[in-house]
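What follows is a single structure, written as C-alpha cells, with notes after it.
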Ligand SMILES: [Mn+2]
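Numbering (our numbering), first residue to last: 145 to 511.
What follows is the structure, encoded as C-alpha cells:
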C-alpha cells in the first residue's frame, strides 16, 4: 500500500523571489517503503557534491542520492507538462517532492530544446519563444529553484563510434572524432555562422537576464560539446575560454554565469585550460555549478574516461575551486557504463560521486 507523507519544509533558497506558498494538498505519494526521517542537507553556501542528470525524480533515484550522502540533485530536462513553457505549480511540486527526501533541488538543467531553438537560430518564432522562456524563468524563481542551466547548441552534443568507445577494463564510454563528423549533412537546412549565433545569443540574453534578475534565478551556460568550430553546418560559439569571456561581456549581471562542464573545458585544452577557466570565472563568482568529468584527448579526437585517468589533475582542479571561493555544487556528468550497470549507470555514478566526495574532503582538510 502506498505510504503518504507530508512534505517537510527543509530548505528555503536565498533569492529575491517571494517564498513559494504551500500547494493545496501538498503531499507526495510514496511508492517505496522508506521509514527514515528526512534530515537537513546542510549548508548551501559551501562547495558541495550533488548528483544529477536524470529527468524523473523517482523514489529509486532520490533514495540512491540520499544513500550516497549528496547535498541534493540536479534534474536535467525534467518531464513537466507544457509544450512551450513550464508552469509554477508543476515546478513547485517538483521542488517539494525532492525536498521530501531531505535533498535540495540544486538546479534544473535545460528546458526542452524546442522551447528556445528558434531563439538560437533566429527563426520567425524567436520572440514568441523568448516570451515563453521569460515566463518559465519567472516560474522557476517563484517556485524557489535557484538555477536554470541552458546551452547554445541548436544541434546538441555529438559523439562518434569506434574503438575509443571502449575504455578501461572494457567499460563503455563516449568518444568523438572530428574526422568522422566533419562531412555530416546540414542539420538545420543551411549553414549558420558564428556571427549569427552571437547576434542571436545577444538578443536572447538581453531579453532574458533582466527577468532572471527579477526572479532570483541564475542562468548557467554549458559549453558546446564537442567544442569544435561547427558541426552539421551550425557554428559553435561557446567552445573556448575566449568564447565564454565574450559571452560574459554582453550583460553585466550577477545572474549570468557558467555551468562549468570540466569535461568540455578539458576537451578545449586539457588541464591548463580547466584551471584557467576555474580561476578566471570562479574568482568572479560566475561559476554556479560544475560537471566534474574528464576526457583523454582534445576537441577533435577524444574519449571520455573514469575520473583520475583523463587530462585533468583532479587535485589541482578541486583545489582551484576551493581557492577561488566557489560555493556551488559539483555533479558527475556522463560516466562510464560499467559491467552489469543500469541505463543510468548507477555503478559508474557511485564511483564518480564517491571520488568527488573524498577529493573535496581531502582538499578541505589540506588547504
Ligand atoms: Mn556537461
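Quick reminder that beta carbons are idealized off the backbone N, C-alpha and C, glycines included. Here the structure is a predicted model, which means the values were calculated and not measured.
- prompt: Is it right to say residue 497 is buried, meaning 16 or more other beta carbons lie within 10 angstroms of its own, or is it exposed?
  reply: buried
task: Could you check the C-alpha separation between residue 489 and residue 482 for me, to the nearest Å?
output: 7 Å
field: Where residue 293 sits in the DSSP three-state scheme
entry: strand
query: Beta carbon of residue 408: closer than 8 Å to some heavy atom of ligand 1?
result: yes
field: Contact set for residue 222: own chain, Cβ-Cβ below 7 Å, skip 5 residues either direction
entry: 199, 238, 252
- request: Please confirm whether residue 406 and residue 436 have their CB atoms less than 9 Å apart.
  value: yes
Exposure label - residue 368; buried when at least 16 CB within 10 Å: buried
- prompt: Does any heavy atom of ligand 1 sit closer than 8 Å to the C-beta of residue 449?
  reply: no
task: Using only the heavy atoms of ligand 1, determine whether one of them is closer than 8 Å to the beta carbon of residue 478.
output: yes
query: DSSP three-state call for residue 507: helix, strand or coil?
result: helix
Closest Cα partner of residue 190 within the set 494, 468, 224, 479: 468
- prompt: Beta-carbon separation of residue 309 and residue 447 under 9 Å?
  reply: yes
- prompt: Comparing alpha-carbon positions, which option in 281, 428, 301, 213 lies nearest residue 186?
  reply: 213
task: Helix, strand or coil for residue 433, going by three-state DSSP, please let me know.
output: strand
field: residue 259 to residue 266 span [Cα, whole Å]
entry: 13 Å
Buried or exposed (CB count within 10 angstroms, at least 16 for buried), residue 263: buried
field: C-beta contact flag for residue 423 and residue 398 at 9 Å
entry: no
query: Quick one: Cα of residue 230 to Cα of residue 322, how far?
result: 36 Å
field: residue 426, enclosing alpha helix (DSSP H) - first and last residue
entry: 406-427
message: Pairs of beta-carbons, one from the segment 376-385 and one from the segment 340-357, closer than 8 Å: are there three or more?
response: yes
message: Any heavy atom of ligand 1 closer than 8 Å to the beta-carbon of residue 490?
response: no
- request: Express the C-alpha separation of residue 461 and residue 250 in angstroms, rounding to a whole number.
  value: 21 Å
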